[in-house]
Structures are given as C-alpha cells and as structure tokens.
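Quick notes on the structure that follows.
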Amino acid sequence: MRRKIRVLFAAFEAVPFMKTGGLGDVAGSLPPVLKAAGCEVRVMLPKFGTIPEEYKEKMTHVTEFQVHLGWRTLYCGVDKLQYKGVTWYFLDNEYYFKREKAYGYFDDGERIAFFSRAIVESLQYLPDFKCDVLHCNDWHTALAPVFLRELYQGRPLYENVKTVMTVHNLKFQGQMSDYVLGDILGLAGVPAAADQLRSENQTVNFLQGGLSYSDVLTTVSPTYAQEIQNAFYGERLEDLFRRRESVLHGILNGIDTTAYDPAGDPALPAPYSAADKSGKALCKAALQEELGLKADPDVPLVAMIGRLTGQKGLDLVQCVLPDLLREDIQIAVLGTGDWEYEEMLKGYALGSDGKMSAQIRFDEALSHRVYAGADILLMPSLFEPCGLAQMIAMRYGTLPVVRETGGLKDTVLPYNQYTGEGTGFSFANYNAHEMMHILLGAAELKRTEPAVWDKLMDNAMAQDFSWEKAAEAYIALYYSTHPEITPYKK
Ligand code: ADP
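According to this note's numbering, the stretch in the sequence shown is residues 435 to 924, in order.
Okay, structure coming up:
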C-alpha cells in the first residue's frame, strides 16, 4: 500500500504553547518539518491553563470521552488548532492541567499517567486520523506504550499501532512509589507490566516502562545512544539499553536556522555571513563594551552560555579559572544554575579587571549577541545528550571547544593542523588541565594564525544543522515499523 505514514507525536510541552526546556524546542519545531518532509504528523499536548490566549481562542472542540485511571473515571476533552501547517490536539482536564506550571506538583505521577492513558484512549475518537505510529517523548508520555500493549492491544484499531520512544533527558525518569502501580495505573494485577515498570529499588519507573514496551527507541545523538549503554551515562537503565540495542537509534537534533542566522538576526548590532565577516568584528566590539570588557579586537574572547550545573563541566572551569585569567584571553559567561557556581563566577568576574564578565540571568537576546561577538564557545560537558549551544555557535562562526561526549562529539570536528580540517576543538578526558591545554591552544591559534582561523570559521558556518536531516531519519524509522506501507512523501 502506497501512502503517507500517519504519526501522532505526543509530548508534555512544545513551543509556543508551553516550554520549560529543550523538549519544548524539539516538540515545537520538529513536527512541522516532519510534515513538510512527507509524513502525516499530528501533535498531542496537554491543554495547560497557561497556553497564551491568542492560541486558546482559536482552538475548536473535537470530542470528549472518559479515561479510566485505577478506580477513577475522568473527563477528557480534545481541542484542536491548526498551527504551522500541522494539527495540534490539546487534551483537556482542568483539574490536572489548569495550573500555574507544567510540573512540580504532589500529584505529577497521577497527572502524567492521566495524560498517557488519555493519549491512547483518544486514538479511537479522532475523527479523521487513524494512527500508524505513536511517537512518545520522555517520561511524561512513556506510559502510553505500556497502556497500549496491556489494555488496548486486542482491539482492531490498536493492533497495528507501532510505538517510538525518544529520550531527551535521561535524568528524569518519573520514579513513583509502588502504590501507583495499582491505585493509579491499574496494572498491579498484570505481572508483565509490574515486572517491566518496577526498578530494582521497588519504585515504579515510568520511563523504564516506555523503554521496555516501545517498538523503537531513539535518543538525540548517535554517540549518546552508545554511551547510555554503559553505567557511567546510563542512569541505571544501561542494562535495558544494552538489551534493546538493536532497536536503539541516535538521531541528532537540529536548530532553528532562521532564528539563529547571523545574516538576519535582529538582536545583533551588525549582520554578517561567511562571505563577509566584517560585521562580526563590530559585534565583538559592541559585546566588549556591553559587558564591561576591555576594548580589544585581537584578544580571543571565550564565551560560555548555558545552565551552570555539574553536567556542563563547571567544576573543570572552577578548577583552572584563576590560571585562565592570567592568560591573554577574555571570558564571558551567560547562564543560571547552581548557586555555588553562580557565586564563584561572579566573584572571579568582579576581581578580573575587565577580563571576565559573568551575566547570571536568562536573556535570549543577549545570548545571540554573545554567540556573535565571541571567538570561542567553551562547552566541557560531563555528558551531553545532544547540545544546541555548540551548533548555534558554529552557525555564528564562533568555534566551539568541547569535551568529546554525546552530541558534542557528533557535531564538532576537531581541528587537524596537518589537513586544516575542522569546525572546532575537542578533548577527551574529563580533566581540567586537558581542557585548559586545548582551550589555550585554540586561543593561540586565533591570535597567531588568522588565515587558518578564518578557514575554520568558514567550515563551521558551512555546517548544516537544520531539522531536515533529523526529519528524514525519523520518517525512515516510522516507515521501518510498517513494512506493508510503501513510502509516499508528496
Ligand atoms: P540544555 O542541556 O540546557 O538543553 P543545550 O545546549 O541543548 O543545553 O540548550 C540550551 C539552550 O538554551 C541554548 O539555546 C542556549 O542558547 C539557551 N540558553 C541557556 N542558558 C541561557 C541563558 N542564561 N540565557 C539565554 N539563553 C540560554
């Protein structure tokens, strides 16, 4: 049968309706690209009370039904909205979703179990959509494949639905106390479900359930897909990933290449491109002035942008920062996170005499100016499922210095002094002096070999980080779960 495959993409957040982190970016930007690349994709989200009015007032009511959750029988409405060429469904239950925030409530386990069960239940009530593939994202939707197989499998409509489970953040797994299994999930009497949901310490682990029951597993870079099969990165799920290696795929995230474009970025004081980089020097001068750094076009300006947590390698930075500040470089940090790192950075900036600036806040426009004005982006992560900052930096001709882990390893080609190839610099071990050695080597190259540096900037700016490649890979996976359907993409 030759037709487009029909995919229901389920997530707990998506820009512009709700965003708390990277998942929101992906779920907001990937589906329209999937649709354009040739699959019939629809998205399902909770109808949060905080969704901006401009979207809520355009929604239309599709249907309503009841959802069983343990001993509860609950209302669920379905509204829909056309946005960016895609149909977005919103599951409505005001008791669960009309709250100030997306997460952080005592009953998150129950709210999220409701969402997952309602996704599966809804498949029989969507008037013009027969689902081939249910694509779930992170622990908030991980129970859907469990419910599908244990409670709906026998019904013809559900028989052919295949499931894809994507891990964006393995840190959050949805670990609940054991009573949830019976009281909320209604699965205490199903031995297979109990076995696959319970983790070794007798908690119920939602993500583990999704990873056990889904037909295909993905994560957001090929290297991370390998790394999570080892204890160091696997967050206690490494055995499961190893067991299911044959269905585990790493697909690199993309970035929004329109929003991050030095040639047309309204946040920048001067536009520039690979063909004409003169605007970048103006961006650097403006940034030095804005951040109180000494005006100097030649000093290598090293930026860090992101969450100030252990994951991002802040302890390495802390270890060698006094040494770095004695070198001929400038440092600009933009980020928020752990209090001790924030204070440490502010302290060093204060005593640096115009060599370092620490901006401890979330500021989207400033982040664009830093990506553009810096020469080097430092990202020495302990682990990094994909990482966006290094891709954005390369697009702005700012060369990343990264640790060779996860998506950093997959996106940054280290400089090879013999061939001149490369889009940045990298080091292997989680070691502060190794990081410093590579960083100072990069700074030295910037100061002494302008022609080589210029070529590296060209290489970096020529990289394709658009979503199209990821969309092609997801679509190929979707079709692989349904050999009876011949791809039709027009
Ligand atoms: P994470 O692990 O936080 O998802 P990524 O590198 O994948 O890290 O994505 C972080 C995104 O958030 C990037 O787009 C980065 O520019 C942005 N960002 C992080 N911290 C800040 C901040 N303080 N101000 C502005 N943007 C930020």
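Backbone N, C-alpha and C define an ideal beta-carbon position, used for all residues, glycine too.
Using three-state DSSP, classify residue i as helix, strand or coil.
i    : result
N639 : strand
M435 : coil
M493 : coil
L585 : helix
I689 : coil
W522 : strand
Q630 : helix
C717 : helix
P921 : strand
F499 : strand
Q851 : coil
A709 : coil
D617 : helix
S648 : coil
A905 : helix
R533 : coil
P794 : The question names Pro, but residue 794 in the sequence shown is Ile. I794: coil per DSSP, three-state reduction.
I810 : strand
A448 : strand
L911 : helix
G781 : helix
L824 : Checking the sequence, you will find Gln at residue 824 rather than Leu. Note: Q824 maps to helix in three-state DSSP.
T653 : strand
Under 8 Å between the Cβ atoms of residue i and residue j?
i    : j    : result
I618 : L503 : yes
E474 : I439 : yes
L686 : S655 : yes
E855 : L847 : yes
P819 : H574 : no
R837 : M895 : no
A862 : V804 : no
G920 : R436 : Looking at the sequence shown, residue 920 is not Gly but Thr. Against a cut-off of 8 Å, the Cβ pair of R436 and T920 comes out as a contact.
Y592 : L557 : yes
A799 : P696 : no
D935 : V441 : Outside the displayed span of the chain (435 to 924) sits residue 935, for which this structure offers no information.
V496 : F443 : no
L582 : V595 : yes
Note the first and the last residue of the continuous alpha helix (DSSP H) segment covering residue i.
i    : result
N893 : 884-895
L750 : 748-758
G668 : 665-668
Y830 : Premise fails: Y830 is in no alpha helix (DSSP H) and is neither H nor E.
A840 : Residue identity check: residue 840 is Gly in the sequence provided, not Ala. Its alpha helix (DSSP H) spans residues 840-845.
V595 : Neither: V595 is in no alpha helix (DSSP H) and is coded neither H nor E.
V421 : Absent from the model: residue 421. The displayed extent of the chain is 435 to 924, so no value can be given.
For residue i and chain C, any beta-carbon pair shorter than 8 Å?
i    : result
L833 : The structure shown contains no chain C; it holds only a single protein chain.
Whole angstroms are fine: how far does the CA of residue j sit from the CA of residue i?
i    : j    : result
D772 : L742 : 6 Å
G620 : W505 : 8 Å
R670 : E661 : 12 Å
T507 : A470 : 38 Å
L641 : E634 : 14 Å
R533 : G543 : 15 Å
G588 : F549 : 21 Å
G840 : L702 : 30 Å
G511 : F899 : 38 Å
F859 : R677 : 34 Å
A827 : C717 : 14 Å
E540 : M610 : Position check: residue 540 holds Phe in this sequence, whereas Glu was assumed. Straight-line Cα distance between these residues: approximately 11 Å.
A715 : V681 : 47 Å
P579 : T857 : 40 Å
G698 : S801 : 15 Å
F563 : L833 : 45 Å
G456 : K605 : 13 Å
Q897 : N850 : 17 Å
What first and last residue would you give for the beta strand (DSSP E) that runs through residue i?
i    : result
A552 : Counting along the chain, A552 falls outside any beta strand (DSSP E), though it belongs to the alpha helix (DSSP H) covering 542-556.
L768 : 764-768
T743 : Premise fails: T743 is in no beta strand (DSSP E) and is neither H nor E.
P480 : 474-480
K514 : 506-517
F861 : 859-861
F443 : 440-444
G684 : 682-684
L674 : Segment 672-677 is the alpha helix (DSSP H) holding L674; no beta strand (DSSP E) there.
V567 : 567-571
Taking three-plus beta-carbon pairs below 8 Å as touching, is the region 807-821 in contact with the region 778-789?
no
Could you say if the region 757-770 and the region 731-738 meet the contact criterion of at least three C-beta pairs nearer than 8 Å?
yes
Should the region 682-696 be called in touch with the region 859-879, which here means at least 3 C-beta pairs below 8 Å?
no
With three or more beta-carbon pairs closer than 8 Å as the criterion, would you say the region 480-498 touches the region 515-532?
yes
Three or more C-beta pairs below 8 Å linking the region 461-468 and the region 894-908
yes
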